[in-house]
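Asks:
Number of protein chains: 2
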Amino acid sequence: MRTHELVLHWIEKQLSDGQLLLGGRLPAERALAEQLQVSRTSVREAIRILEAMGVVRAGVGSGKDAGTVVIAEPASALGSALRLHVATQHLPVADIVETRALLESWAVARAKPDTPALAEAARLLEEMDAHAAVDDFLGLDVRFHVALAEAAGNAVVSTMMGSLREAIEGYAAALTANLPDWETTAARLRAEHRAILQAVNDGDGERAAELVAAHIHGFYREAGLGQAPD
Amino acid sequence: MRTHELVLHWIEKQLSDGQLLLGGRLPAERALAEQLQVSRTSVREAIRILEAMGVVRAGVGSGKDAGTVVIAEPASALGSALRLHVATQHLPVADIVETRALLESWAVARAKPDTPALAEAARLLEEMDAHAAVDDFLGLDVRFHVALAEAAGNAVVSTMMGSLREAIEGYAAALTANLPDWETTAARLRAEHRAILQAVNDGDGERAAELVAAHIHGFYREAGLGQAPD
DNA sequence: TAGATCATGTGGTCCAACCACATCAAGTAG
DNA sequence: CTACTTGATGTGGTTGGACCACATGATCTA
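Set out below in structure tokens:
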């Protein structure tokens with residue numbers, strides 16, 4: 001077993017034993033190296049991996065933001081990994097879109113009306129009305145859809161939804177170049193968003209699921225999924 | 001931007017530009033360090049991250065298995081990340097089970113009969129008849145379910161299915177201690193597996209989806225999901 | 001009292017050296 | 001000529017030490 005894996009397993013055990021909690025700090029790199037009788041390099045490689053997985057965050061200096069702190073951000077971590085595999089063409093973008101539609105349909109079908117997540121989703125819709133620029137709009141769009149997914153109360157589903165969306169965010173932005181008129185599309189997306197949210201708040205999960213699936217597939221079909229942007 | 005991130009982005013660009021293909025080799029660590037004008041340490045940290053994401057594999061020595069080679073194993077990589085987040089109790093096991101049931105139901109409902117993946121699934125069932133030990137059985141069980149999921153032809157769904165199953169494999173093994181009699185449960189699981197595969201091969205996706213959801217939830221309910229094993 | 005300065009501790013980076021390993025080529029004994 | 005041994009080469013794995021940038025808090029000073 002390689003040395004950094006030993007460090008990795010030690011830290012994972014600390015986590016699963018509850019000796020290292022969310023928000024807690026790892027020992028300083030030099031201290032941990034001495035404690036485990038390995039080099040600081042090996043400790044650092046282990047921390048790099050945990051950082052890539054969204055389990056810790058490393059900060060220099062001293063005080064609140066300093067040191068290596070345990071966090072819980074699986075979505076961005078999984079998103080990066082998926083993006084790389086999309087880059088190697090091992091995971092087709094079409095499959096990602098299809099999976100995202102599957103997860104999100106399930107989520108909105110089971111979303112509870114009048115939850116904080118839905119209130120946040122409604123707020124994001126207001127904000128989207130004021131931001132017409134493609135990048136701003138898409139950024140808010142991601143947050144709206146993730147908020148929707150969170151309303152179902154399944155952390156794994158919303159995490160995966162977010163990571164899938166993030167993995168192809170750059171791709172989606174590039175696809176907008178294929179659209180005949182962004183303003184027209186944006187107006188349609190806004191209307192669809194409101195209809196989806198309305199259905200969820202009405203407790204009509206079945207209709208919400210249909211609308212969200214049509215919403216997702218509609219955008220990628222219009223933008224020409226699989227075609228290179230001009 | 002930190003130095004290892006620079007290396008990471010350089011490699012990601014090589015991948016998305018198609019200059020680095022599946023099975024291809026990265027430049028040697030020392031050569032890459034000189035080429036990018038960074039230290040070997042930073043190159044190594046980048047490679048560690050890619051390795052954790054299942055994008056490359058590092059091998060010592062010379063010849064076929066040597067060097068850093070581009071691979072495509074997202075399932076095990078995502079599985080490790082999910083397992084760590086389960087360890088921090090940020091992702092509940094129940095949510096993982098529910099998500100897995102969702103993905104797998106969808107997959108079997110769309111699985112095409114008479115595909116190579118289903119033939120492999122059938123072969124695995126034969127093998128499971130001969131392996132009664134818990135660990136062997138569960139290992140084959142994972143492969144059976146992944147083979148089933150592959151028959152739907154969506155790489156992202158089967159990848160996520162596999163990673164979810166892997167993330168809680170240790171948990172599932174521990175849960176078997178809660179079962180009153182493993183042999184009885186194993187016999188039931190074998191029968192359910194055959195019924196699922198039969199439904200898929202009959203083209204009855206709807207029935208297959210119902211069976212697989214009942215199969216998954218049934219096991220975890222019987223084993224006492226959420227309860228500590230004795 | 002208010003500001004400047006220094007000490008401390010953190011992660012970030014780099015370097016030089018050595019190890020373990022696998023392969024291949026050259027040399028050597030048969 | 002064959003078969004084995006030996007050494008050279010190139011790979012990632014590991015280590016210790018040095019220095020940097022940064023943020024904070026204590027201390028000194030005007």
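Heads up: the sequence lines are chains A and B, in that order. Going by the UniProt record's numbering, the first sequence opens with residue 1, and the numbers climb by one from there. Going by the UniProt record's numbering, the second sequence opens with residue 1, and the numbers climb by one from there. Heads up, the beta-carbon is just placed ideally off N, CA and C, and yes, glycines get one too.
(1) I need the DSSP call for Thr115 (chain B), collapsed to helix, strand or coil.
(2) Of all the CB atoms in chain B, is at least one closer than 8 angstroms to the CB of Val43 (chain A)?
(3) If Gly67 (chain B) and Arg25 (chain B) are in contact, beta carbons under 8 angstroms, what's the gap, nearest whole angstrom?
(4) Comparing alpha-carbon positions, which option in A:Glu34, A:Ala28 and A:Leu82 lies nearest Gly61 (chain A)?
(5) Compare the C-beta of Val7 (chain B) against all C-beta atoms of chain A and say whether one is closer than 8 angstroms.
(6) Apart from the five residues just before and just after Ser76 (chain B), which ones in its own chain have a Cβ nearer than 7 angstroms to its Cβ?
(7) Excluding the 5 residues preceding and the 5 following Trp10 (chain B) in the sequence, name in chain order all residues of the same chain whose CB lies nearer than 8 angstroms to its CB.
(8) Quick check on DSSP: helix, strand or coil for Ala58 (chain A)?
(9) When burial is assigned at 16 or more other CB atoms within 10 Å of the CB, is Met1 (chain B) buried or exposed?
(10) Is Asp95 (chain B) buried or exposed, if buried means 16 or more other CB atoms sit within 10 Å of its CB?
(11) Select from the stretch 91–122 of chain B all residues with a C-beta closer than 7 angstroms to any C-beta belonging to chain A, and list them in chain order.
(12) Do Val7 (chain B) and residue 236 (chain B) come within 8 angstroms of each other at the CB atom, strictly closer than that value?
(13) Run down chain B in chain order and give the residues with a C-beta less than 7 angstroms from the C-beta of Glu29 (chain A).
(14) Can you say whether Pro113 (chain A) is buried or exposed, counting buried as having 16 or more other CB atoms within 10 angstroms of its CB?
(15) Does any C-beta atom of chain A lie closer than 8 angstroms to the C-beta of residue 249 (chain B)?
(16) Residues of chain B with CB under 7 angstroms from Asn154 (chain A), in chain order?
(17) Please classify Gly79 (chain A): is it buried, with 16 or more other beta-carbons within 10 angstroms of its beta-carbon, or exposed?
(18) Tell me whether Arg2 (chain A) sits in a helix, a strand or coil according to DSSP, three-state version.
(19) Ordered along the chain, which non-local residues of its own chain (more than five positions away) have a Cβ less than 8 angstroms from that of residue 271 (chain B)?
(20) Tell me whether Thr68 (chain A) sits in a helix, a strand or coil according to DSSP, three-state version.
(21) Give the straight-line distance between the Cα atoms of Ala31 (chain A) and Leu82 (chain B), rounded to the nearest whole angstrom.
(22) Taking only the alpha-carbon atoms, compute the straight-line gap between Asp135 (chain B) and Val200 (chain A) and give it to the nearest angstrom.
(23) Is Val70 (chain A) close to chain B, meaning its C-beta is less than 8 angstroms from at least one C-beta of that chain?
(24) By a C-beta neighbour count over all protein chains shown, 10 Å radius and 16 as the cutoff for buried, is Thr184 (chain A) buried or exposed?
(25) Hey, quick one: how far does the alpha helix (DSSP H) through Leu103 (chain B) stretch, first residue to last?
(26) What separation, rounded to the nearest whole angstrom, lies between the Cα atoms of Glu210 (chain B) and Ser105 (chain B)?
(27) Name the two residues that bound the continuous alpha helix (DSSP H) containing residue 269 (chain B).
(28) Counting only C-beta atoms, is His4 (chain A) closer than 8 angstroms to chain B at any point?
(29) Answer with yes or no whether the minimum CB distance from Glu12 (chain B) to chain A is below 8 angstroms.
(30) Can you name, in chain order, every residue of its own chain whose Cβ lies under 7 angstroms from the Cβ of Glu45 (chain B), other than the five neighbours on each side?
(31) What does the Cβ neighbour count give for Asp181 (chain B), buried or exposed, with the cut at 16 atoms within 10 Å?
(32) Say whether chain A places a C-beta atom closer than 8 angstroms to the C-beta of Ser39 (chain B).
(33) Out of A:Pro116, A:Val97 and A:Ala187, point me to the one whose CA is closest to Ala130 (chain A)'s CA.
(34) Between Arg48 (chain A) and Arg48 (chain B), how many whole angstroms is the CB-CB distance? I'm expecting something under 8 angstroms.
(35) Would you please verify whether the beta carbon of residue 305 (chain B) is less than 8 angstroms from any beta carbon of chain A?
(36) How long is the line joining the alpha carbons of Val97 (chain A) and Ala174 (chain B), rounded to whole angstroms?
Replies: According to the structure shown:
(1) Position 115 of the second sequence holds residue 115 (chain B). Residue state, collapsed to three classes: coil.
(2) The residue labelled residue 43 (chain A) in the question sits at position 43 within the first sequence. Chain B contact via Cβ: absent.
(3) For the purposes of this step, residue 67 (chain B) is taken as residue 67 along the second sequence, with counting starting at 1. For the purposes of this step, residue 25 (chain B) is taken as residue 25 along the second sequence, with counting starting at 1. The C-beta separation of Gly67 (chain B) from Arg25 (chain B) comes to about 5 angstroms, placing the pair in contact by the 8 angstroms criterion.
(4) Indexing the first sequence from 1 puts residue 61 (chain A) at position 61. Nearest to Gly61 (chain A) by alpha-carbon distance, out of A:Glu34, A:Ala28 and A:Leu82, is A:Ala28.
(5) In the second sequence, residue 7 (chain B) corresponds to position 7, counting from 1. Chain A contact via Cβ: absent.
(6) Counting from one through the second sequence, the residue named residue 76 (chain B) turns up at place 76. For Ser76 (chain B), where only same-chain residues beyond five positions count, the Cβ hits under 7 angstroms are Gly54 and Glu166.
(7) Within the second sequence, numbered from 1, the residue matching residue 10 (chain B) stands at position 10. Correct list, in chain order: Leu36.
(8) Residue numbering aside, residue 58 (chain A) sits at position 58 when the first sequence is read from its first letter. DSSP places Ala58 (chain A) in strand when its eight states are reduced to three.
(9) Numbered from 1 along the second sequence, position 1 holds the residue referred to as residue 1 (chain B). So Met1 (chain B) counts as exposed.
(10) Along the second sequence, one-based indexing puts residue 95 (chain B) at 95. Burial call: buried.
(11) So the close ones are Leu91, Pro92, Asp95, Ile96, Glu98, Thr99, Leu102 and Trp106.
(12) Residue 236 (chain B) lies beyond the residue range present for chain B, which begins at 1 and ends at 230; the question has no answer from this structure.
(13) Here residue 29 (chain A) is taken as the residue at index 29 of the first sequence, counted from 1. Result: empty, since nearest Cβ-Cβ is about 13 angstroms, beyond 7 angstroms.
(14) Locating residue 113 (chain A) in the first sequence gives position 113, counting from the first residue. The Cβ neighbour count for Pro113 (chain A), taken over all protein chains shown within 10 Å, is under 16; the residue is labelled exposed.
(15) The first residue shown for chain B is 1 and the last is 230, placing residue 249 (chain B) beyond what the model contains.
(16) On the first sequence, residue 154 (chain A) is found 154 positions in, with the first residue counted as 1. Neighbours of Asn154 (chain A) on chain B, chain order: Asp95, Glu98 and Thr99.
(17) Taking the first residue of the first sequence as 1, we reach residue 79 (chain A) at position 79. By the neighbour-count definition (other C-beta atoms within 10 Å, threshold 16), Gly79 (chain A) is a buried residue.
(18) Locating residue 2 (chain A) in the first sequence gives position 2, where the first residue counts as 1. DSSP places Arg2 (chain A) outside both helix and strand once states are collapsed to three, so it counts as coil.
(19) Residue 271 (chain B) lies beyond the stretch modelled for chain B, which goes from 1 to 230, so this question has no answer here.
(20) Counting from 1 along the first sequence, the entry for residue 68 (chain A) is found at position 68. If DSSP states are grouped into helix, strand and coil, Thr68 (chain A) belongs with the strands.
(21) For the purposes of this step, residue 31 (chain A) is taken as residue 31 along the first sequence, with counting starting at 1. For the purposes of this step, residue 82 (chain B) is taken as residue 82 along the second sequence, with counting starting at 1. Straight across, the Cα-Cα distance linking Ala31 (chain A) with Leu82 (chain B) is about 28 angstroms.
(22) The residue you call residue 135 (chain B) lines up with position 135 of the second sequence. The residue you call residue 200 (chain A) lines up with position 200 of the first sequence. So the alpha carbons of these two residues sit roughly 43 angstroms apart.
(23) By one-based count along the first sequence, residue 70 (chain A) stands at place 70. Answer yes: the Cβ-Cβ gap between Val70 (chain A) and chain B drops below 8 angstroms somewhere.
(24) The residue labelled residue 184 (chain A) in the question sits at position 184 within the first sequence. So Thr184 (chain A) counts as exposed.
(25) Here the question's residue 103 (chain B) lines up with position 103 in the second sequence. Segment Val93 to Arg110, the alpha helix (DSSP H) holding Leu103 (chain B).
(26) Here residue 210 (chain B) corresponds to residue number 210 of the second sequence, with the count starting at 1. Here residue 105 (chain B) corresponds to residue number 105 of the second sequence, with the count starting at 1. Straight-line spacing of the CA atoms in Glu210 (chain B) and Ser105 (chain B) works out to 7 angstroms.
(27) Past the edges of chain B, shown from 1 to 230, lies residue 269 (chain B), and the structure says nothing about it.
(28) Within the first sequence, numbered from 1, the residue matching residue 4 (chain A) stands at position 4. It does; some Cβ of chain B falls within 8 angstroms.
(29) For this step, residue 12 (chain B) is matched to residue 12 along the second sequence. For Glu12 (chain B), the nearest CB of chain A lies under 8 angstroms from its own CB, placing it at the interface with that chain.
(30) Indexing the second sequence from 1 puts residue 45 (chain B) at position 45. Excluding residues within five positions, the ones whose Cβ falls inside 7 angstroms are His4.
(31) Counting from 1 along the second sequence, the entry for residue 181 (chain B) is found at position 181. Under the 10 Å beta carbon count, Asp181 (chain B) is surrounded by fewer than 16 other beta carbons and is classified as exposed.
(32) Indexing the second sequence from 1 puts residue 39 (chain B) at position 39. Not closer than 8 angstroms to any Cβ of chain A, the Cβ of Ser39 (chain B) fails to qualify, so no.
(33) Taking the first residue of the first sequence as position 1, residue 130 (chain A) is located at position 130. Out of A:Pro116, A:Val97 and A:Ala187, A:Ala187 has the C-alpha closest to the C-alpha of Ala130 (chain A).
(34) In the first sequence, the residue the question calls residue 48 (chain A) occupies position 48. In the second sequence, the residue the question calls residue 48 (chain B) occupies position 48. Contact annotation, Arg48 (chain A) with Arg48 (chain B): C-beta distance approximately 5 angstroms; criterion of less than 8 angstroms satisfied.
(35) Chain B is shown from 1 up to 230; residue 305 (chain B) falls before or after that span and cannot be answered.
(36) The count along the first sequence starts at 1 and reaches residue 97 (chain A) at position 97. The count along the second sequence starts at 1 and reaches residue 174 (chain B) at position 174. Taking the straight line joining both Cα atoms gives about 35 angstroms.
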